[in-house]
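Heads up: the sequence shown runs through residues 6 to 254, numbered per our numbering.
All C-beta atoms in this analysis are idealised placements derived from N, C-alpha and C, irrespective of residue type, glycine included.
Working notes, beginning with the structure itself.
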Amino acid sequence: MGNSPQKTTQVYELEEFFRFINYDFEKDLENIREICKLTKTRPKDSPTKFFMDYGSEQPFLIKALANKINAKSFFEIGTGRGTGSYSVSLENNIKLVATLDRIPHFFKQDTAIEFKPIKISQRSLHKLITFKEKYKIKFFHNIQKPYLRTFYKNKFDIAFIDGNHTDENIIKNDIKLSLTLLNKDGIIIFDDYESKSSDRKFAVGAVVDEYLSKGKFYSYLIEFRGHLFNKEKKEKNSGVMVVSPYELI
């Protein structure tokens, strides 16, 4: 990625962005809904029937970006429960998904399925996913970063950074790792970017702003939470920041 003066970030609401890239989220709704049932809910005191909650827009957006650039490979920092990786794996052109997390794949965590509390490992969740595309995914632990740098250098079309949001040094190191693994045309997606510095809860915005200032990038802030589901809570001035060496729109 270049080293010329910074370009202006373009800001889009989610549905507007989908129109520009000709993506129809409803064609993926049934499949991503099934993934979110298993991986995207939080425990509720009075569990209710499953619904697509606030923030469930994210996997549609990540999958849409993979489709837009005809990506064949996807790298993620911050597996969580795998929502992003499972969703992207459904994209026909995707051949490889590699996802990295600080928590071992076999370690049980307190979480939820369909809003009901459960203690389960990522490995056990993987068994519950019914889509055969899940076998495109390779799970890595943080101690395997040297392996990734050696065997996956310049291999990926997309890097999605959704790990630590509060420690600037960790975020900067995540960027360095992603740049090592991305090919020359690869794009980076940052979760939880907040455009107003005075309102920032996370360190992501400051780190990304510094990164953008050092190169000639095309950057796009896509506001998404509450833009498809729970629209009364529609979020502004934050979302994912997409950084690309070429123009996407």
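- Query: What is the DSSP secondary structure of residue 83, counted as helix, strand or coil?
  - Reply: coil
- Task: Tell me, please, which residues DSSP counts as bridged to residue 245.
- Result: 227
- Item | Coarse secondary structure for residue 157, derived from DSSP in three states | coil
- Message: Can you find the residues in the same chain that come closer than 7 Å, C-beta to C-beta, to residue 112, ignoring five residues on each side of it along the sequence?
- Response: 126
- Is it buried or exposed for residue 166, if we count other Cβ within 10 angstroms and need 16 for buried? buried
- Using three-state DSSP, classify residue 182 as helix, strand or coil. helix
- Return helix, strand or coil for residue 116, following the three-state DSSP convention. strand
- Query: Taking the Cβ atom as the reference point for each residue, do residue 143 and residue 103 lie within a distance shorter than 9 Å?
  - Reply: yes
- Message: Is the separation between the beta-carbon of residue 120 and that of residue 233 shorter than 9 Å?
- Response: no
- Item | Opening and closing residue of the alpha helix (DSSP H) in which residue 167 lies | Run containing residue 167: none; DSSP gives neither H nor E here.
- Message: Once DSSP output is grouped into helix, strand and coil, what is the label at residue 237?
- Response: helix
- Query: When DSSP labels each residue in this structure, what does residue 122 get in the three-state scheme?
  - Reply: strand
- From the DSSP output, which residues share a beta bridge with residue 213? None, per the DSSP bridge assignment.
- In terms of alpha-carbon separation, which member of 124, 147, 226, 217 lies closest to residue 200? 226
- Message: With a threshold of 7 Å on Cβ separation, who are the neighbours of residue 93 within its own chain once the five nearest residues in sequence on each side are excluded?
- Response: 67, 68, 71, 79, 99, 102
- Query: For residue 146, which beta-bridge partners are listed by DSSP?
  - Reply: 106
- Contacts around residue 158, its chain only, beta-carbon distance under 8 Å, and the 5 residues preceding and following it disregarded: 185, 186
- Message: Please report the straight-line C-alpha distance between residue 27 and residue 33, rounded to a whole angstrom.
- Response: 13 Å
- Message: Assuming the contact rule is C-beta atoms closer than 8 Å, residue 179 and residue 191 should be a hit. Round their C-beta distance to whole Å, please.
- Response: Not confirmed; about 14 Å, so no contact.
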